[in-house]
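Below is one structure, written out as structure tokens; the observations come after it.
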Amino acid sequence: MILRRLTEHIRTQNWFAVALDFVIVVVGILIAFQITTWNEGRQDRRDEQRYLAELAANLETDLDQARAGQDMSLQRLVMAESILAVAAPEYDRPPFFVAIDRDTSPPGPFQDYPYARAFSEGPESLGIPKACGS
Numbered sequence: 033m034i035l036r037r038l039t040e041h042i043r044t045q046n047w048f049a050v051a052l053d054f055v056i057v058v059v060g061i062l063i064a065f066q067i068t069t070w071n072e073g074r075q076d077r078r079d080e081q082r083y084l085a086e087l088a089a090n091l092e093t094d095l096d097q098a099r100a101g102q103d104m105s106l107q108r109l110v111m112a113e114s115i116l117a118v119a120a121p122e123y124d125r126p127p128f129f130v131a132i133d134r135d136t137s138p139p140g141p142f143q144d145y146p147y148a149r150a151f152s153e154g155p156e157s158l159g160i161p162k163a164c165g166s
């Protein structure tokens, strides 16, 4: 329809109408580009929020696993101290171990724990470019 109007205006040599049609087309294209840019920005912010939520969850998991590892290490320390107390009763026990004995539960089986990959994978795991948000 616009092309038909444009050719009609050119045939009748109505140059003002030709210029107006041209301006309308250009403005429409610019508005379409702006809408596309706004939508991309909204999608980037949505992806950023999803990444930050996943990062927070991974950090919580890391913290829980680090605490479990700390508890396991303290349990091993208590076990080593109890073995040392039996093997060498003359050993002078530092006061640090008294607090450990009081604060830890009986030792359980040894368990390694892998940290969550909050920082190792980064935003690339979500398809976000490395420079996004910088």
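Take 33 as the starting number for the sequence shown in this note's numbering and just add one per residue. Glycine residues also receive a C-beta, built at the ideal position from the N, C-alpha and C atoms.
Do residue j and residue i come within 8 Å of each other at the CB atom, strictly closer than that value?
{"i": "Ile-42", "j": "Val-50", "result": "yes"}
Give the range of the alpha helix (DSSP H) segment to which residue i is assigned.
{"i": "Asn-71", "result": "47-119"}
Just to check, is the beta-carbon of residue i closer than 7 Å to a non-hydrogen atom of the ligand GDP?
{"i": "Glu-113", "result": "The ligand GDP is absent from the structure shown, which contains no ligands of any kind."}
Please report how far the alpha carbon of residue i lies from the alpha carbon of residue j, in whole angstroms.
{"i": "Asn-90", "j": "Trp-70", "result": "30 Å"}
{"i": "Trp-47", "j": "Gly-73", "result": "39 Å"}
{"i": "Glu-86", "j": "Leu-109", "result": "34 Å"}
{"i": "Arg-36", "j": "Leu-62", "result": "22 Å"}
{"i": "Gln-102", "j": "Tyr-123", "result": "25 Å"}
{"i": "Val-58", "j": "Phe-65", "result": "11 Å"}
{"i": "Ala-117", "j": "Arg-78", "result": "58 Å"}
{"i": "Pro-121", "j": "Met-104", "result": "25 Å"}
{"i": "Asp-76", "j": "Leu-38", "result": "39 Å"}
{"i": "Tyr-83", "j": "Ile-67", "result": "24 Å"}
{"i": "Thr-44", "j": "Gly-60", "result": "25 Å"}
{"i": "Ala-98", "j": "Ala-112", "result": "21 Å"}
{"i": "Leu-52", "j": "Glu-80", "result": "42 Å"}
Shorter than 8 Å from the beta carbon of residue i to some beta carbon of chain B?
{"i": "Leu-95", "result": "Included in the structure is just one protein chain, with no chain B present."}
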